[in-house]
Amino acid sequence: MYKGYGSLATVITHEFKYDGFSLKVQFNPGRMTSTSAKVDPKSIKERKCFLCEASLPAAQERLEYKNGYRILVNLSQFSLNILQSQKLNIFRSR
Numbered sequence: 072m073y074k075g076y077g078s079l080a081t082v083i084t085h086e087f088k089y090d091g092f093s094l095k096v097q098f099n100p101g102r103m104t105s106t107s108a109k110v111d112p113k114s115i116k117e118r119k120c121f122l123c124e125a126s127l128p129a130a131q132e133r134l135e136y137k138n139g140y141r142i143l144v145n146l147s148q149f150s151l152n153i154l155q156s157q158k159l160n161i162f163r164s165r
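This is the structure we're talking about:
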């Protein structure tokens, strides 16, 4: 989780404006690690379950939900602007 947060320093963003609306794009080289995993059947079978309780790091933020569902926070998915504005505090106020 901390490695993902640290990689946010390398994020490059750009905003394009067109006829009254804007589009924000983001280049995040740190995402390549998690998006380039092998997905062939053999690799998947040999990979440990990274979402299973036994495999989660102790610092993993989670929110228990209805019917046994669990919401996990992946900091690699959030942009630096969101983290800086402290909107993630909702997950700590359980």
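One point on numbering: in the working numbering, the residue at position 30 of the sequence shown is 101, and numbering is uninterrupted. No residue lacks a Cβ here, since even glycine has one placed at the ideal position from N, Cα and C.
For residue i, collect the residues of the same chain with a Cβ closer than 6 Å to its Cβ; drop the 5 residues on either side in sequence, then sort them by chain order.
| i | result |
| --- | --- |
| L159 | In this prediction, L159 scores a pLDDT of 43, lower than 50, which makes its location untrustworthy; no coordinate-derived value is stated. |
| L143 | R133 |
| C120 | S126 |
| S107 | none |
In the DSSP assignment, what residue or residues form a beta bridge with residue i?
| i | result |
| --- | --- |
| R141 | E135 |
| F92 | Y89 |
| F98 | I83 |
Buried or exposed: which applies to residue i, given that a residue is buried once 16 or more other Cβ atoms fall within 10 Å of its Cβ?
| i | result |
| --- | --- |
| F87 | exposed |
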